[in-house]
Amino acid sequence: MTTPSPTSLPAPELYRAWQALRAEQPRLRARDAAERLEVSEAELTASRLGVDAVRLRPDWSALLPALGELGTIMALTRNEHCVHERKGPYQEVTVSANGLMGLVVSADIDLRLFLSGWGSVFAISEETAHGTQRSIQVFDRQGTAVHKVFLTENSVVEAWAPLVERFRADEQSDRLDFQPAAPKAVPLADEQIDVAALRSGWAALKDTHHFFALLKKHKVERTQALRLAGRDWAEQLDTAELPRMLEKASERRLPIMIFVGNAHCIQIHTGTVDNLKWLDDWFNVLDPQFNLHLKTSGVRELWRVRKPSSDGVITSWEAFDANGELVLQAFGARKPGVPELQEWRSLAESFPAL
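Counting from 1, one number per residue, gives the positions in the sequence shown under UniProt numbering.
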């Protein structure tokens, strides 16, 4: 999705235009309304300051742990083609000393936070047909939503107002200091890649977290690396197999890990997937604690990937969009130091490669 240029429309006019659009299409989500109005979602959110939104201080090292005061919440992280929603308490939060990285590693809410790209944050208290919906919404420096936290029926509602007041920004301004996104590096052509060295480095991996460094070292894009790695390490699958794999995992009650993220946040579900439903081209997991909404038409490549580690080979399924951006990853449920679940490997390997 192309980030819109900052609008010159005054916030009150933008808000009125949005409300007119909502009157025509009550179910239209803010992200889609922003695209229709050719603004960023952050600008749309800032236009409601003084109505039902409060701008907060982006003090991540204090704000993120404070979210634990809200009790059970729903954390939402998405990219262009997939939405990941997980309920639970915001606990075990750490922010690095330099403020660039954050972790939430509780049993329910599991996040990797790349805070250097986080820009603005708002508290929203919106009246809906189902009652008051309260949320904390974070946007990056281009105005795109990074991560959202919604109160649920099991949240500590009494903690909401004190938290918002404590982190309220001194200046309730709709001005957003956007920065241009870092330009993507121009990829090398296949013939410029030392494929033998790439494969050797791949085979020598001891930790799956070192995979990104391997790509960077060889100046290779992710899907390019998968193409060049050889069938021992990566095989392309029919994209239609992704929902089928999730259906089989559900039938077998197999605990899996589903990673969904964007440039600045990755959210992880660990557990089974049970209530699976199609709606048009959206494949959905609709479980009490975990919801996933996958726009299958946005998945253009699907790969079965094997990475060596000190715990043995780790198998993943990785889905990419037309721009080579990662939409979703799936693994068998595991902890560091524990070998891969054999049941997951059997399932992951049971689908034919293209």
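Using N, Cα and C, we set each Cβ at its ideal position, and we do this for glycine too.
Assess contact between the stretch 94-103 and the stretch 152-170, defined as three or more Cβ pairs (one per stretch) separated by less than 8 Å. Is contact present? As far as the Cβ criterion goes, the stretch 94-103 does not touch the stretch 152-170, which means the pair count is below three.
Can you list, in chain order, the stretches of the beta strand (DSSP E) that have 3 or more residues and sit fully within the stretch 278-308? List check, beta strand (DSSP E) in window: 282-286, 290-295 and 301-307.
Extent of the continuous alpha helix (DSSP H) to which V157 belongs: Taken as a continuous stretch (DSSP letters only), V157 belongs to no alpha helix (DSSP H), as it is neither H nor E.
L49 vs R55 beta-carbon contact at 8 Å: Yes, the Cβ-Cβ distance between L49 and R55 is below 8 Å.
With a 10 Å radius around its C-beta and 16 neighbouring C-beta atoms as the bar for buried, classify N262 as buried or exposed. When all chains shown are included, N262 counts as buried.
Following the continuous beta strand (DSSP E) through K87, name the residue where it begins and the one where it ends. C82 to P89 is the span of the beta strand (DSSP E), which, as asked, contains K87.
State the DSSP-derived secondary structure class of E171, mapped to helix, strand or coil. It is coil, neither helix nor strand.
Identify the continuous beta strand (DSSP E) that holds S125 and give its terminal residues. Bounds of the beta strand (DSSP E) holding S125 are W118 to T128.
Return the chain-ordered list of same chain residues with a C-beta closer than 8 Å to the C-beta of T152, the five sequence neighbours on each side being excluded. Once the five neighbours on either side are set aside, the close Cβ partners of T152 are T72, I73, M74 and K87.
Reference V138; option with closest CA among L226, A53 and L37: Closest option to V138, Cα to Cα, is A53.
Quickly, what does DSSP pair V105 with across the bridge? List them, please. Checking the DSSP bridge columns, you'll see V105 partnered with D110.
Rounded separation between I124 and I193 - CA only: Each residue's CA atom was taken as its position, placing I124 and I193 some 48 Å apart.
Does the distance from the C-beta atom of K206 to that of S316 stay below 8 Å? Not a contact, by the Cβ cut-off of 8 Å.
According to DSSP, is L49 helix, strand or coil? The answer is strand: DSSP assigns L49 an E or B state.
Give the DSSP-derived three-state secondary structure of T2 in the structure shown. Confidence at T2 is low in this model, with a pLDDT of 45, below 50, so its placement is unreliable and the value that follows should be read with caution. Under the three-state reduction of DSSP output, T2 falls in the coil class, being neither helix nor strand.
How would you write the range of the alpha helix (DSSP H) that F212 sits in, first residue to last? For F212, the uninterrupted alpha helix (DSSP H) segment begins and ends at F211 to K217.
Between R199 and the rest of its own chain, which residues show a CB-CB distance below 7 Å, the 5 nearest in sequence each way excluded? A229 and G230.
Assuming contact is defined by CB atoms lying nearer than 8 Å, are L328 and F283 in contact in what I supplied? Taking a C-beta distance under 8 Å as the contact criterion, L328 and F283 do not qualify as a contact pair.
M257 and A319 closer than 8 Å at C-beta: The criterion of a C-beta distance shorter than 8 Å is not satisfied by M257 and A319.
Under DSSP, the alpha helix (DSSP H) around R222 begins and ends at which residues? It spans R222 to A229 - the alpha helix (DSSP H) in which R222 sits, taken as one unbroken run.
Measure the C-alpha to C-alpha separation of V313 and V220 and round it to an integer number of angstroms. For V313 and V220, the gap between their C-alpha atoms comes out near 22 Å.
Would you list the one or two residues that DSSP bridges to A330? By DSSP's assignment, A330 forms a beta bridge with I258 and W317.
Using DSSP with H/G/I as helix, E/B as strand and the rest coil, what is D232? Under the three-state reduction of DSSP, D232 is assigned to coil, being neither helix nor strand.
Would you identify the three-state DSSP class for V39, choosing helix, strand or coil? In this structure, V39 counts as coil in the three-state DSSP scheme.
Output the distance between the C-alpha atoms of D170 and L237, rounded to the nearest integer angstrom. Approximately 52 Å between the Cα atoms of the pair.
Is V39 close to the ligand ATP? I mean its beta-carbon at under 7 Å from any heavy atom of the ligand. You won't find the ligand ATP in this model; it holds no ligand whatsoever.
On the three-state DSSP scale, how would you describe V195? The answer is helix: DSSP assigns V195 an H, G or I state.
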